[in-house]
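Protein chains in written order, with the numbering used here: chain X, 155 to 381; chain Y, 155 to 381; chain V, 155 to 381; chain W, 155 to 381; chain P, 155 to 381; chain B, 155 to 381; chain R, 155 to 381; chain F, 155 to 381. Backbone N, C-alpha and C fix where the C-beta goes; we use that ideal spot for every residue, glycine too. Treat the numbers as computed from the prediction; the structure is a model and nothing was measured.
8 protein chains.
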Amino acid sequence: MENFIDVDYAKLDTDRRRRTGFSEVIFCQGKDDSFLQDLFVKLFDANGEVMGTRATEAQYEIVRQALPSAKYDKLSRIIRVCGSDQKTLIGNIAVCTAGTADIPVAEESAVTAEFFGNNVTRIYDVGVSGIHRLLGQVDKLNAANAIIAIAGMEGALASVIGGLVRVPVIAVPTSVGYGANLGGLSALLTMINSCANGISVVNIDNGYGAAYIASQINRLAVKGSAV
Amino acid sequence: MENFIDVDYAKLDTDRRRRTGFSEVIFCQGKDDSFLQDLFVKLFDANGEVMGTRATEAQYEIVRQALPSAKYDKLSRIIRVCGSDQKTLIGNIAVCTAGTADIPVAEESAVTAEFFGNNVTRIYDVGVSGIHRLLGQVDKLNAANAIIAIAGMEGALASVIGGLVRVPVIAVPTSVGYGANLGGLSALLTMINSCANGISVVNIDNGYGAAYIASQINRLAVKGSAV
Amino acid sequence: MENFIDVDYAKLDTDRRRRTGFSEVIFCQGKDDSFLQDLFVKLFDANGEVMGTRATEAQYEIVRQALPSAKYDKLSRIIRVCGSDQKTLIGNIAVCTAGTADIPVAEESAVTAEFFGNNVTRIYDVGVSGIHRLLGQVDKLNAANAIIAIAGMEGALASVIGGLVRVPVIAVPTSVGYGANLGGLSALLTMINSCANGISVVNIDNGYGAAYIASQINRLAVKGSAV
Amino acid sequence: MENFIDVDYAKLDTDRRRRTGFSEVIFCQGKDDSFLQDLFVKLFDANGEVMGTRATEAQYEIVRQALPSAKYDKLSRIIRVCGSDQKTLIGNIAVCTAGTADIPVAEESAVTAEFFGNNVTRIYDVGVSGIHRLLGQVDKLNAANAIIAIAGMEGALASVIGGLVRVPVIAVPTSVGYGANLGGLSALLTMINSCANGISVVNIDNGYGAAYIASQINRLAVKGSAV
Amino acid sequence: MENFIDVDYAKLDTDRRRRTGFSEVIFCQGKDDSFLQDLFVKLFDANGEVMGTRATEAQYEIVRQALPSAKYDKLSRIIRVCGSDQKTLIGNIAVCTAGTADIPVAEESAVTAEFFGNNVTRIYDVGVSGIHRLLGQVDKLNAANAIIAIAGMEGALASVIGGLVRVPVIAVPTSVGYGANLGGLSALLTMINSCANGISVVNIDNGYGAAYIASQINRLAVKGSAV
Amino acid sequence: MENFIDVDYAKLDTDRRRRTGFSEVIFCQGKDDSFLQDLFVKLFDANGEVMGTRATEAQYEIVRQALPSAKYDKLSRIIRVCGSDQKTLIGNIAVCTAGTADIPVAEESAVTAEFFGNNVTRIYDVGVSGIHRLLGQVDKLNAANAIIAIAGMEGALASVIGGLVRVPVIAVPTSVGYGANLGGLSALLTMINSCANGISVVNIDNGYGAAYIASQINRLAVKGSAV
Amino acid sequence: MENFIDVDYAKLDTDRRRRTGFSEVIFCQGKDDSFLQDLFVKLFDANGEVMGTRATEAQYEIVRQALPSAKYDKLSRIIRVCGSDQKTLIGNIAVCTAGTADIPVAEESAVTAEFFGNNVTRIYDVGVSGIHRLLGQVDKLNAANAIIAIAGMEGALASVIGGLVRVPVIAVPTSVGYGANLGGLSALLTMINSCANGISVVNIDNGYGAAYIASQINRLAVKGSAV
Amino acid sequence: MENFIDVDYAKLDTDRRRRTGFSEVIFCQGKDDSFLQDLFVKLFDANGEVMGTRATEAQYEIVRQALPSAKYDKLSRIIRVCGSDQKTLIGNIAVCTAGTADIPVAEESAVTAEFFGNNVTRIYDVGVSGIHRLLGQVDKLNAANAIIAIAGMEGALASVIGGLVRVPVIAVPTSVGYGANLGGLSALLTMINSCANGISVVNIDNGYGAAYIASQINRLAVKGSAV
């Protein structure tokens with residue numbers, strides 16, 4: 155028995171859920187229309203649900219023709235086709251942003267984390283230029299099993315949170331800013347060089363990737379280790 | 155009551171263990187000798203144990219004068235002063251390297267993780283140029299609650315592991331290599347841009363930082379979440 | 155007798171086929187319309203066939219007015235005007251991609267290699283995040299005289315292939331990705347720093363260039379050396 | 155009358171005090187020994203006092219042969235030759251560091267500011283990984299007319315201070331750190347991209363430059379503007 | 155009593171004026187239309203005046219619907235809604251540019267400084283390629299309490315001014331130029347490495363940020379320090 | 155039967171010769187002394203010959219204690235331990251350098267290629283500043299099955315050779331140069347962006363890697379393809 | 155008498171011709187329409203002729219309304235308004251390109267040089283991938299007093315020319331290329347690191363700047379030095 | 155007759171004087187001792203004089219053994235072996251530096267220019283932080299046929315000189331500075347992006363290269379063009 159589906163130009167990794175515990179998610183950006191629809195259908199058939207990130211509204215229209223129950227969220231740019239049963243959400247993941255311009259990335263994280271079956275607490279616009287806004291949220295932060303810290307410009311939010319909490323902080327640099335922000339590289343460097351402990355970093359604007367890791371951690375915290 | 159000790163030129167964060175669950179570790183590199191000894195003593199007094207990373211043998215000799223039970227590990231360059239009781243180690247963390255030149259960074263991870271109370275599985279020299287060496291270790295990888303993937307040069311190890319496992323992979327780029335490796339930046343970029351899920355990245359050669367995060371995750375997996 | 159044609163603003167290298175074994179190919183991107191048509195005609199007259207890369211459909215329409223037998227391939231963006239005789243294809247070149255988004259670059263390689271008279275085996279979407287998809291293709295890889303490995307994002311595919319085969323791997327970094335992929339520089343650095351042997355690298359998205367080198371190698375393998 | 159002294163290989167800017175209000179300071183690093191002594195003597199003769207930064211102890215010994223009242227401070231690496239009268243210090247400048255490794259740069263700032271006639275408040279080791287240490291110092295910060303914020307690694311200190319105070323913050327990135335700190339460029343980018351207001355930046359490790367600007371501001375605050 | 159307003163997706167820092175002496179200014183670029191209007195209204199209600207930078211004309215139209223007294227300045231791209239009373243302007247800030255292409259950034263500085271209650275002297279097109287144009291303005295420069303030096307391309311203006319004056323120079327690199335100007339990074343590096351004293355730097359094109367700092371300094375010079 | 159030897163801290167890839175046709179070569183730089191000797195012995199036992207690159211004379215002395223027939227070449231820094239039989243060299247590889255300072259890298263290429271069983275033609279100091287020196291060698295270049303072009307500084311040699319020959323050119327940028335050569339990155343970029351066809355690039359100073367690829371190509375040319 | 159004209163927002167350097175021997179040229183890119191017309195008129199009145207670079211056709215239409223004798227050259231994007239007398243052209247400047255895509259930059263050089271009163275020899279499409287095309291032009295090169303070498307991609311042309319001639323070579327990197335050409339930085343680095351003598355470099359695509367320097371040199375060669 | 159000498163490992167370009175008007179100069183840095191002596195002797199025999207740059211004193215001792223009339227200049231690090239006849243120096247070249255730390259590079263320029271037969275005017279320590287020092291030298295600058303402007307740190311000197319003179323300015327960035335000077339790249343970028351006309355740039359610290367170009371220009375100015 156094959157552990158992938160060999161379609162024209164792609165090899166769908168249908169074994170992924172067994173190996174990793176999460177089924178394949180579609181990165182829609184730049185995908186050809188005809189191919190995209192086919193991909194959603196095949197993965198929905200295989201897994202009973204399917205999600206795509208970085209989708210345009212036009213792509214959503216194409217997917218909806220084949221899968222009428224598909225839903226689109228403008229802010230996060232996510233297409234979801236859920237199964238018939240309501241998911242039971244577990245544990246808690248906190249998603250924080252430094253500013254309001256970081257919210258689209260944050261929603262990519264939050265919606266992904268919910269799709270993967272996690273409770274999510276949103277804590278937005280708590281950047282370090284008004285540190286009192288963050289300090290008032292420490293109890294909420296400490297109630298999570300994993301924290302996603304999203305910031306552009308100088309990206310200092312992750313370091314401050316890292317010093318305040320017990321659980322892992324996944325830092326997401328964003329391309330928000332201008333001039334010497336280098337499209338988000340400045341925030342990435344800030345987070346990689348953090349003087350605080352417990353901070354690891356994903357790619358610029360990669361809200362999805364942070365949610366994946368936070369989901370792994372939250373699952374371990376709630377369901378326990380295999381060890 | 156103060157939550158830090160104000161010594162000459164430093165403010166020791168004695169509240170850290172309460173906030174984060176781990177007491178302060180000393181980054182020895184570049185620290186002045188007289189100051190270093192004082193720091194080890196004060197933190198040992200406060201916490202009943204103390205550890206320092208990036209230490210030279212000369213620094214160890216100075217620490218040992220004040221704390222005769224101090225131990226030094228040449229490979230990881232870590233000084234440890236342990237308490238009288240044997241720690242009970244919990245769960246499991248896997249530490250992997252691509253090559254043999256990455257082992258000093260890996261030992262910084264492994265020794266730190268053990269100091270923080272975790273069981274550690276070492277899997278060294280399983281880089282992608284001979285992929286069969288890694289594929290034989292998948293069961294060991296899947297028995298861990300967190301995996302630390304350490305690689306220099308092109309740093310491809312983390313992506314391959316990420317595609318094989320269920321648990322978070324903390325990727326550590328190393329400065330191993332030459333020419334266009336840019337002192338480890340090339341491996342860092344590889345890991346940040348990984349096409350695999352579940353991978354987050356810490357600073358170049360930061361074995362300690364990866365162990366800290368893996369310890370947070372392993373603790374959540376074994377002891378469960380507060381949620 | 156001159157060994158180049160001196161037209162307005164250009165010196166066509168009509169000696170190239172004698173020196174290198176391949177006639178000049180037109181890089182269409184940014185070429186002026188009137189000039190482009192003239193170039194296709196002059197090189198077709200000189201060589202009995204002609205090919206252009208990075209062509210738009212509008213450029214194709216202009217070329218077709220002068221050379222009605224011209225053909226255009228949308229995916230690879232290549233214009234071909236072939237001679238009357240069917241070419242006999244020799245040997246074998248494998249063209250591999252990490253993901254589906256790398257396919258346009260791969261088709262530039264594959265179509266070029268076919269134009270230059272080589273058999274081509276396409277192996278797409280075998281990136282390292284699901285390594286089992288690649289491992290199933292090792293026999294196909296070993297049946298080629300040269301392998302083109304095309305990948306964006308972290309570009310780890312080339313290293314893994316390099317460790318599995320006997321023949322040269324020409325690595326093509328692509329601009330596929332986002333954030334810290336630096337428009338393909340990250341994948342380029344990965345490939346240049348590869349820990350595996352037998353890997354050399356061409357410019358980002360340079361599918362044509364990789365096919366040229368693979369054709370040189372395949373020709374040597376099939377026709378033997380002059381030495 | 156000339157407004158500079160033309161010595162061998164140099165043109166001493168003796169007009170500088172008139173133009174700028176501060177006499178020329180000697181950047182000792184890399185200066186030839188014979189030349190250095192001459193420079194100290196000439197500027198002491200012209201101004202009645204003289205200071206040099208980035209000096210080695212060996213350079214100090216040479217200066218002291220000609221100017222026996224010269225003093226050397228090991229931590230800041232500054233040579234001072236003061237006039238006979240005690241200076242009256244004015245106003246207040248706060249000098250803050252994120253960590254203890256930043257203190258040599260901080261002392262270059264503090265000693266320079268004192269030489270230029272300012273009161274200085276030192277606030278060291280208040281980095282963002284333990285934010286409570288900084289929050290306890292807000293009153294001290296608000297008592298200064300200018301604040302120098304010195305940090306390496308991710309350099310987040312300046313942003314947090316900027317959000318807490320009324321007066322200008324001069325941010326000094328330091329080369330403290332390792333890996334992707336890029337010799338201090340990472341901290342520089344953090345500070346340049348700060349989301350907080352009131353922050354401007356000088357070169358990496360440039361404690362002297364920050365003190366010069368803080369002195370200009372403190373002088374304006376105490377003595378008032380000419381406008 | 156709360157010190158911020160918790161609206162949908164944002165936490166307005168209404169305590170900022172108390173802490174810093176300046177109320178919050180809106181960075182309009184990329185803000186959602188509905189949200190933008192709400193933000194202007196809430197901050198106008200809280201502070202009796204409000205200003206937004208980097209605004210498009212379309213954004214202005216939206217703001218004007220809610221706040222009819224809003225004014226828009228095309229060159230600086232600033233929206234202002236002033237209170238009923240005429241402000242008394244204090245002291246003096248000089249705003250200089252190297253070329254005419256730097257003027258939009260300069261006007262962002264000048265208009266901001268006027269909004270914050272400062273007198274402003276504009277000195278435009280005095281770049282170093284015709285140094286006599288700058289030398290004729292030295293008296294004007296020396297009449298200011300703070301100088302903003304704005305330049306793109308090679309950014310040498312700040313260094314020359316720094317050598318001529320007594321007061322702090324805030325240098326603003328601009329993205330004006332082409333080729334190896336790296337979007338303004340070249341000018342930023344020039345200014346950070348200045349051989350002249352008294353120069354600190356803000357982000358590329360950050361006219362607003364420079365005006366904020368100059369306003370802090372001018373306020374200290376006119377109103378005196380609290381010390 | 156295992157396809158690797160699991161020693162302390164390493165997994166020797168004894169299957170490599172079967173997979174790739176070349177046995178494992180030791181990169182000596184940074185290897186621990188005791189470990190190095192063991193590695194040479196184990197690989198000599200497995201393969202009947204062994205080679206190490208980037209070796210110091212001190213490392214050679216250690217290897218010679220265990221393997222008295224070991225030879226050391228100072229210029230290329232290669233240690234070789236050959237088998238008892240004389241190898242028959244096949245085909246031809248040309249190794250070219252731009253200048254005399256590139257010769258150590260060239261000798262790493264040449265000695266490696268000879269160890270792998272190839273005839274080698276050395277063509278040194280034919281850089282583009284005196285192009286007539288290169289033009290006189292075209293016949294020698296055309297007699298090779300693969301050409302290694304080694305150059306530092308601006309690295310233009312590869313492009314000129316690429317335009318003159320029929321066979322693949324493997325370009326090796328070197329760190330020779332100063333200032334803006336960026337440790338060899340400048341030459342690497344030149345070679346990657348070559349306007350000539352048939353050029354692929356390996357890491358800076360990677361003479362070994364280029365020889366490996368040239369050996370693969372020469373073997374295909376002489377022994378023919380498996381296809 | 156003033157040596158500049160102080161118009162709204164600009165200080166026209168009417169002294170420039172006296173100081174430098176060339177009157178001010180207008181860089182049109184990004185200039186406001188109303189301002190641009192005024193600038194052309196004022197400089198035409200002052201100097202009897204005027205030229206602008208990087209102009210669009212729309213800008214040309216605006217200039218022509220005020221100065222009907224204005225001429226526009228599409229390829230070089232230059233607007234010229236000449237005086238009534240025919241200029242006598244002196245000496246000789248050679249303008250060379252590597253490829254046809256570099257011609258717009260070359261024409262900016264050539265047309266500028268002609269406007270400044272120099273004879274120009276155009277030698278286009280002589281890049282190093284077909285070196286015989288260049289070698290046939292050596293006599294033409296040696297007949298010039300200054301040579302402008304224009305190349306994108308790897309930019310090797312300047313080095314080869316530098317080794318063949320007696321006169322200065324001004325190298326102009328162009329943004330022609332893709333991928334790792336970094337918008338022309340790669341060619342710039344090639345030229346700056348040239349192993350050949352007699353090569354100096356101007357900004358990417360700066361055809362005008364190269365023509366200015368070549369004109370200075372040609373003038374010295376023909377008219378002799380003042381020394 | 156051959157136009158180069160083929161020695162071991164090098165091809166001495168004895169045709170260079172005929173082609174370029176200057177005989178080959180030896181770049182001593184990194185050259186092997188035995189080889190270096192041979193090179194000096196062979197070039198002295200061919201040309202009647204010889205010069206080497208970047209030489210150590212130890213290298214000088216070796217050269218002097220074979221050529222007792224060799225002279226060494228410590229500051230410029232140049233070895234010269236002159237012919238018996240006194241050269242007649244022609245025209246004039248000005249060599250300027252921003253600071254005293256740039257003088258070693260300046261002396262490499264000045265001594266080279268004198269060796270090539272030019273009169274040299276040295277103008278040192280006239281950087282822009284005290285612009286009056288430079289303005290006093292304008293007559294000297296205008297008396298030269300070419301000007302070499304040497305500066306590290308922010309490198310603004312070249313732009314200011316460019317605006318003041320009629321003749322070409324060859325700009326030499328130096329590695330003088332620290333922090334964000336990036337080993338001289340910052341000054342290089344400043345000079346490449348200069349807003350002034352007439353400035354072209356050579357590699358960091360390349361005093362020799364600048365002198366070569368200035369000598370070409372001075373020769374043309376004094377001896378006239380061939381045209």
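- Contact of residue 173/F with chain R by beta-carbon distance below 8 Å involves 317, 318, 319, 320.
- Using a Cβ distance threshold of 9 Å, residue 359/Y and residue 280/Y do not count as a contacting pair.
- Classified as buried, residue 213/X has 16 or more neighbouring CB atoms from the shown chains inside 10 Å of its CB.
- At a cut-off of 9 Å between beta carbons, residue 276/V makes no contact with chain R.
- Only those residues of the segment 364-377 of chain X whose C-beta falls short of 7 Å from the nearest C-beta of chain Y are listed: 366, 367, 370, 371, 374, 375, 376.
- Within chain B, the residues 283, 284 have their CB atoms less than 9 Å from the CB of residue 170/F, given in chain order.
- Taking 9 Å as the CB threshold, residue 196/F stays off the interface with chain B.
- For the segment 255-268 of chain F, residues whose beta-carbon sits nearer than 7 Å to a beta-carbon of chain W comprise 255, 257.
- The beta carbon of residue 338/B does not come within 9 Å of any beta carbon belonging to chain F, so the residue lies off that interface.
- Here the segment 271-285 of chain Y makes contact with the segment 241-256 of chain Y; the two share three or more CB pairs at distances below 8 Å.
- Residues of the segment 321-332 of chain X whose Cβ lies closer than 7 Å to any Cβ of chain W, in chain order: 331.
- Ranked by Cα distance from residue 215/R, the options 321/R, 347/R, 190/R are led by 190/R.
- Residue 299/P is a Cβ neighbour of residue 371/P, given a cutoff of 9 Å.
- Taking a cut-off of 8 Å for Cβ pairs, the segment 317-329 of chain P and the segment 306-315 of chain X do not touch, as fewer than three such pairs fall below it.
- Within the model, the alpha-carbon separation for residue 266/F versus residue 364/R is close to 25 Å.
- With contact defined as three or more Cβ pairs closer than 8 Å, the segment 229-245 of chain W and the segment 334-341 of chain W are not in contact.
- For residue 279/B, the chain F residues whose Cβ falls inside 8 Å of its Cβ are 163, 164, 165, in order along the chain.
- In the displayed model, residue 345/X falls within a helix according to three-state DSSP.
- Boundaries of the beta strand (DSSP E) around residue 166/R: 164-166.
- Within chain Y, the residues whose beta carbon sits less than 8 Å from that of residue 356/X are 346, 353, 354, 355, listed in sequence order.
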